[in-house]
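In what follows, a structure is listed as structure tokens, so that the remarks can point back to it.
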Amino acid sequence: MDKDKGGRAASRPATRANGDQTKEKILDAAEELFGDRTFDTVSLRDITQHAGVTLALASYHFGTKDNLFSAVVARRADILNQMRIERLNELEATGETDIGAYLDAFLRPLLTQALAEGGGWNSYVSLISKVAMTNRWHELVQVNFDETANLFVSRLRLLLPDHSEEALFRGFAFTLQLGLQVITQNRRVDSLSDGRFSGRDLARSYAAALRFTTAGLLGLAG
């Protein structure tokens with residue numbers, strides 16, 4: 018009897034570990050497919066086939082496709098928000114007052130992860146660029162990203178006392194939209210320049226976008 022109890026107890030951590038691995042496989046597959054396509058063109062069956070698991074397991078762990086989508090967004094949002102807050106704290110510790118440094122502290126973590134980690138982060142960048150550009154997912158964005166974004170806006174308010182509240186919020190929103198366009202390597206500049214310049218040149222695109230958004234935000238004073 019004792020041996021049986023011990024065997025059962027020993028099996029529980031393994032069962033939990035297997036469950037966690039299955040969840041991660043489903044999340045990874047969903048992230049890739051949602052990033053490549055759209056929410057409406059991806060089914061739970063598509064995701065489970067891509068993950069190599071049964072449809073029943075996806076339903077068990079997440080219930081619905083909407084719940085799974087929310088979990089995909091939230092998973093890396095926590096990492097991203099922590100990186101942004103750490104950079105913000107570093108700036109405040111040094112007494113930094115350069116506006117561009119604060120915008121960079123917010124935008125660069127996503128760029129850094131996409132470049133360094135590749136894979137899932139590239140899919141995630143593609144996914145959240147779609148999420149951020151449509152009102153359909155307004156509440157999802159609000160829940161996962163607004164608290165950290167508002168921390169940055171509050172710091173900018175202290176550094177830019179001549180800016181109205183509206184100017185700060187609109188300027189910061191414009192910055193986010195342009196940043197996502199750059200990090201997803203939007204290739205509109207390729208066609209406009211007949212290929213002389215490329216959206217895939219992330220270093221140059223990001224540097225130009227940071228200068229542009231910094232100047233734009235400063236220009237909203239008064």
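So for the sequence shown, the numbering used here puts the first residue at 18; every next one is plus one.
From the three backbone atoms N, C-alpha and C, an ideal C-beta is built for every residue, glycine too.
Selected residue, minimal CA-CA separation from residue i, among the options
i, options, result
"Leu-237", "Ser-87, Ala-184, Ser-215", "Ala-184"
"Thr-201", "Leu-50, Lys-147, Thr-230", "Lys-147"
"Val-90", "Arg-228, Phe-51, Thr-230", "Phe-51"
"Thr-192", "Ile-116, Thr-111, Thr-58, Ser-181", "Ile-116"
"Ala-75", "Glu-107, Lys-42, Arg-104, Thr-111", "Lys-42"
"Trp-154", "Asp-37, Asp-57, Thr-39", "Asp-57"
"Glu-67", "Gly-80, Thr-39, Leu-227, Arg-221", "Looking at the sequence shown, residue 67 is not Glu but His. That would be Thr-39, whose Cα lies nearest to the Cα of His-67."
"Asn-203", "Ala-226, Thr-165, Arg-62", "Ala-226"
Residue burial classification, residue i (beta-carbon count within 10 angstroms, cutoff 16)
i, result
"Gln-130", "buried"
"Ser-210", "exposed"
"Asp-121", "buried"
"Ser-60", "exposed"
"Asn-167", "exposed"
Beta-carbon proximity list for residue i, same chain, < 6 Å, skipping 5 on both sides
i, result
"Val-206", "Phe-214, Gly-216"
"Leu-124", "Gly-196"
Cβ neighbours of residue i in the same chain (closer than 7 Å, five flanking residues each side left out)
i, result
"Val-142", "Leu-127, Ala-131, Ile-200, Thr-201"
"Tyr-223", "Leu-128, Val-199"
Nonlocal neighbours in the same chain, by C-beta distance under 8 Å from residue i, ignoring five residues either side
i, result
"Thr-65", "Ile-43, Ala-46, Thr-71, Leu-72, Leu-74, Ala-75"
"Leu-144", "Glu-48, Phe-51, Gly-52, Val-89, Val-90"
"Tyr-119", "Leu-105, Leu-108, Glu-113, Phe-169, Arg-172, Leu-173, Leu-176"
"Asn-139", "Gly-52, Ala-131"
8 Å contact criterion, which residue i and residue j should meet: CB distance rounded
i, j, result
"Ala-94", "Asn-152", "Contact doesn't hold; Cβ gap of about 19 Å is too wide."
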